[in-house]
Amino acid sequence: MQEYVLLCEDSTEGILTGVYEAYQFKKKMGIESHDCIHLATEEPDIQRLFTEYEHIQTDSVNAGKVTDTIIARLGNETWYRLSMAMVSCLAEKADAVYHTIVLGLKTHDRNITDRLQEDCVQRAFKCARASDYELSRLKQFLRFSELQNGMLYAKINPKHHILPFLMPHFADRLPADNFVIYDENTQTFGLHARFQKWYLMQGADFDEDKLVYSEVEEEYRNLFKKFCDSIAIEARINPKLQMNMLPLRFRPNMTEFQQ
Numbered sequence: 025m026q027e028y029v030l031l032c033e034d035s036t037e038g039i040l041t042g043v044y045e046a047y048q049f050k051k052k053m054g055i056e057s058h059d060c061i062h063l064a065t066e067e068p069d070i071q072r073l074f075t076e077y078e079h080i081q082t083d084s085v086n087a088g089k090v091t092d093t094i095i096a097r098l099g100n101e102t103w104y105r106l107s108m109a110m111v112s113c114l115a116e117k118a119d120a121v122y123h124t125i126v127l128g129l130k131t132h133d134r135n136i137t138d139r140l141q142e143d144c145v146q147r148a149f150k151c152a153r154a155s156d157y158e159l160s161r162l163k164q165f166l167r168f169s170e171l172q173n174g175m176l177y178a179k180i181n182p183k184h185h186i187l188p189f190l191m192p193h194f195a196d197r198l199p200a201d202n203f204v205i206y207d208e209n210t211q212t213f214g215l216h217a218r219f220q221k222w223y224l225m226q227g228a229d230f231d232e233d234k235l236v237y238s239e240v241e242e243e244y245r246n247l248f249k250k251f252c253d254s255i256a257i258e259a260r261i262n263p264k265l266q267m268n269m270l271p272l273r274f275r276p277n278m279t280e281f282q283q
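Start counting the sequence shown at 25; every next residue gets the next number (my numbering).
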């Protein structure tokens, strides 16, 4: 059977554009089922036989149309879960989200993401769970430092692109503070001005070594480290359990683990 793979940008807008173009492609080519159409965010090293590959250009307007359709017909909860799946780093996310949307619209099921017996839904759930796990951990483990100008700065190195979901959490809790969260992996800044809306910025020149911290920042860091040491019970230290609760990859940016 002839199959088609639409290659889209690895972003939420890119995947949603891919979903829109997949519907248009199916109609244009007179294809009976969505089963022979797939989405991918990168071209494979070895292309499959009897498969055609098409590159899709990201279109924010078409992506917005798909977003509106999902929210209107499948609900906000489904939209949130699919959004979490689309920001994961797993390669199967685009195709899983696409076929989950197709199934949801076909069955008019606003609880489509609960149908884990369906392969596409199960794969989308796997992607969403991975990014949601990291998001919940960073809400707990993220540490801010005060700069000389009074702004708060934090750096993260997430596997998944969860910064757009992390920003609302801290904007809600620190509405009166100016703060920046820097995603080092994607070189994306989350910026929040006091009592203003937050936004994302990418592509700016940045040298972390040029940051100037406030005079009391080092003092507070030392106090926090001493606090963490003082509440520890030496006889009950359990490194294996600690690594389960706080994986090593989160520690380099945490104040209490820095030298």
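We treat Cβ as the ideally placed atom computed from N, Cα and C, and that holds for glycine.
Along the beta strand (DSSP E) that carries residue 29, what are the first and last residues, could you check?
Mapped onto the sequence shown, residue 29 falls at position 5. 27-31 is the extent of the beta strand (DSSP E) around residue 29.
Residue 225 (DSSP reduced to helix, strand or coil):
For the purposes of this step, residue 225 is identified with residue 201 of the sequence shown, where counting begins at 1. Here residue 225 sits in strand by DSSP.
Endpoints, the beta strand (DSSP E) within which residue 64 is located
In the sequence shown, counting from the first residue as 1, residue 64 sits at position 40. Looking at the DSSP string, the run of the beta strand (DSSP E) that includes residue 64 is 61-64.
Who are the Cβ neighbours of residue 175 in its own chain at under 6 Å, not counting the five residues just before and after it?
Taking the sequence shown and counting its residues from 1, one reaches residue 175 at position 151. Taken in chain order, the residues that qualify are 202.
Among 89, 144, 178, 194, which one has its Cα closest to the Cα of residue 48?
Taking the first residue of the sequence shown as 1, we reach residue 48 at position 24. Ranking the options by Cα distance to residue 48, first place goes to 89.
Less than 7 Å separating the beta-carbons of residue 279 and residue 248?
Mapped onto the sequence shown, residue 279 falls at position 255. Mapped onto the sequence shown, residue 248 falls at position 224. Closer than 7 Å, so yes.
Residue 196 - DSSP class collapsed to helix/strand/coil:
Here residue 196 corresponds to residue number 172 of the sequence shown, with the count starting at 1. Of the three classes helix, strand and coil, the one that applies to residue 196 here is helix, per DSSP.
Please report the residue range of the alpha helix (DSSP H) in which residue 217 lies.
Working through the sequence shown from its first residue, we reach residue 217 at position 193. No alpha helix (DSSP H) contains residue 217, which DSSP labels as neither H nor E.
Rounding to the nearest angstrom, what Cα-Cα distance links residue 220 and residue 168 in this structure?
One-based indexing of the sequence shown puts residue 220 at position 196. One-based indexing of the sequence shown puts residue 168 at position 144. Straight-line Cα distance between these residues: approximately 19 Å.
Give the straight-line distance between the Cα atoms of residue 166 and residue 40, rounded to the nearest whole angstrom.
As a first step, residue 166 must be located in the sequence shown, where it is residue number 142. As a first step, residue 40 must be located in the sequence shown, where it is residue number 16. Taking the straight line from one Cα to the other gives about 30 Å.
Around the Cβ of residue 96, are there at least 16 other Cβ atoms within 10 angstroms (buried) or fewer (exposed)?
Walking along the sequence shown from the start, residue 96 turns up at place 72. Result: exposed.
Quick check: what's the CA-CA separation for residue 231 versus residue 224?
Within the sequence shown, residue 231 is the residue found at index 207, counting from 1. Within the sequence shown, residue 224 is the residue found at index 200, counting from 1. Residue 231 and residue 224: Cα-Cα distance of roughly 18 Å.
Short Cβ contact (7 Å threshold) for residue 121 with residue 186
Against the sequence shown, residue 121 aligns to sequence position 97. Against the sequence shown, residue 186 aligns to sequence position 162. No, they are not a contact pair.
Go to residue 74, then tell me how far its beta strand (DSSP E) extends in each direction, as first and last residue.
Your numbering for residue 74 matches position 50 in the sequence shown. Element bounds for residue 74: n/a, residue is neither H nor E.
Go through its chain and collect everything with a Cβ distance to residue 215's Cβ below 7 Å, but skip five positions before and after it.
As a first step, residue 215 must be located in the sequence shown, where it is residue number 191. Around residue 215: 204, 222, 223, 225.
Quick one: what's got a C-beta closer than 7 Å to residue 159's C-beta in the same chain, skipping five residues either side?
Looking up residue 159 in the sequence shown gives position 135. Closer than 7 Å at the Cβ level, and outside the excluded window around residue 159, lie 186, 189, 190.
Within 7 Å, strictly: CB atoms of residue 131 and residue 105:
What you label residue 131 is simply residue 107 of the sequence shown in a count that begins at 1. What you label residue 105 is simply residue 81 of the sequence shown in a count that begins at 1. No.
Hey, would you say the C-beta of residue 214 is under 6 Å away from at least one heavy atom of the ligand MN?
Judged by which ligands are present, the structure shown has none, so any question about the ligand MN falls away.
Does DSSP put residue 176 in a helix, a strand or coil?
For the purposes of this step, residue 176 is identified with residue 152 of the sequence shown, where counting begins at 1. Looking at residue 176 - three-state DSSP - the assignment turns out to be strand.
Tell me whether residue 125 is buried or exposed, calling it buried when 16 or more other Cβ atoms sit within 10 Å of its Cβ.
In the sequence shown, counting from the first residue as 1, residue 125 sits at position 101. Answer is buried; the Cβ neighbour count reaches 16.
Is it true that the CB of residue 208 sits closer than 7 Å to the CB of residue 234?
The residue given as residue 234 occupies position 210 in the sequence shown. The residue given as residue 208 occupies position 184 in the sequence shown. Their beta carbons are not under 7 Å apart, which means residue 234 does not touch residue 208 by this criterion.
Straight-line gap, residue 197 to residue 162 (C-alpha atoms, nearest Å):
Reading the sequence shown from its first residue, position 173 is the one you call residue 197. Reading the sequence shown from its first residue, position 138 is the one you call residue 162. Computed Cα separation, rounded: 14 Å.
Going straight from the alpha carbon of residue 282 to that of residue 147, what length do you get?
Numbered from 1 along the sequence shown, position 258 holds the residue referred to as residue 282. Numbered from 1 along the sequence shown, position 123 holds the residue referred to as residue 147. When rounded, the distance between both Cα atoms is 37 Å.
Assigned exposure category for residue 56 - 16 Cβ within 10 Å defines buried
Translated into the one-based positions of the sequence shown, residue 56 becomes position 32. That one is exposed.
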